[in-house]
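Asks: Residue 210 in the numbering used here is what sits at position 56 of the sequence shown, and the numbering runs on without skipping anything. Beta carbons: idealized from backbone N, C-alpha and C, even for Gly. Have a look at this one before I ask anything.
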Amino acid sequence: GRSASNLVALAVKLCRDFNEKKITDPDDNFQFDVIGLIGTLQNQPFVQSRQRALLLESLSSVLPGASKGPSKAELAEMEQLKAEHAKLAQLALAVHSLKTVRVSAPSAEAGAGKAAGKGAAAK
C-alpha cells in the first residue's frame, strides 16, 4: 500500500544520503544498522517485488566495498583468466581423449616367442 511505498522511499533516501555522506556516523556502526534495516525491510510480506528490487539495489550501494563495477585491472584479469580457462578446457579435452584410447596388449604367443629368443641368445 501507500505506507509501504513511503517506507521504501524513505529507506532508499536513507541509503542515498548515507552514500553522499549527508549522514554523519560518529560510532562507525551506522552503516551496519542501515544494512540490517534494509535487509529486514526487503524481506517483509508487504513489500512488492518492484520495491524489493529497489531496496536490494540500494542495499548493494551501502555494502562495504561496493563499487559501480569492476576496475580496468579487474577486467584485464578476467580476460586473462578466460583465456587461461579456454586453454585448460582444451587440455582437459585432450587428456580425456587420451584416457579413452585403448592400447591392445601383445598376445601371449608373441610375448613367449620373444622371451624364448632372448633366452636362447643369452645361453
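1. Taking the straight line between their C-alpha atoms, what separation do you get for VAL188 and VAL201?
2. Could you check whether VAL166 and ASN212 sit closer than 7 Å to each other, using their CB atoms as the reference points?
3. Alpha carbon to alpha carbon, what distance is there between ALA259 and GLU228?
4. So what's GLY190 in DSSP terms, helix, strand or just coil?
5. DSSP three-state call for LYS241: helix, strand or coil?
6. Once DSSP output is grouped into helix, strand and coil, what is the label at ASP182?
7. Determine the burial state of LEU245: buried for a count of at least 16 other Cβ atoms within 10 Å of its Cβ, exposed for fewer.
8. Would you kindly work out how many angstroms separate the C-alpha atoms of LEU208 and HIS239, rounded to a whole number?
9. Select from ARG156, SER214 and LEU242 the residue whose C-alpha is nearest the C-alpha of LEU191.
10. What is the DSSP secondary structure of PHE200, counted as helix, strand or coil?
11. Could you tell me the boundaries of the alpha helix (DSSP H) in which LYS167 lies?
Replies: Let's see:
1. Numbered from its first residue, the sequence shown carries residue 188 at position 34. Numbered from its first residue, the sequence shown carries residue 201 at position 47. Distance between the alpha carbons of VAL188 and VAL201: 17 Å.
2. The residue given as residue 212 occupies position 58 in the sequence shown. The residue given as residue 166 occupies position 12 in the sequence shown. Note that residue 212 is Ser in the sequence shown, not Asn. Taking 7 Å as the Cβ cut-off, SER212 and VAL166 qualify as a contacting pair.
3. Counted from its first residue, the sequence shown places residue 228 at position 74. Counted from its first residue, the sequence shown places residue 259 at position 105. Cα to Cα, GLU228 sits roughly 52 Å from ALA259.
4. What you label residue 190 is simply residue 36 of the sequence shown in a count that begins at 1. Three-state DSSP puts GLY190 in a helix.
5. Here residue 241 corresponds to residue number 87 of the sequence shown, with the count starting at 1. Correct three-state label for LYS241: helix.
6. As a working note, residue 182 is residue 28 in the sequence shown. Coil, per DSSP.
7. Stepping through the sequence shown from its first residue, residue 245 is reached at position 91. The residue is exposed, with fewer than 16 neighbouring Cβ atoms inside 10 Å.
8. By one-based count along the sequence shown, residue 208 stands at place 54. By one-based count along the sequence shown, residue 239 stands at place 85. In a straight line, the C-alpha of LEU208 is about 35 Å away from that of HIS239.
9. By 1-based counting over the sequence shown, the position of residue 191 is 37. Nearest option by C-alpha distance: SER214.
10. Residue 200 sits at position 46 when you count from the first residue of the sequence shown. DSSP places PHE200 in coil when its eight states are reduced to three.
11. In the sequence shown, counting from the first residue as 1, residue 167 sits at position 13. Residues 156 to 173.
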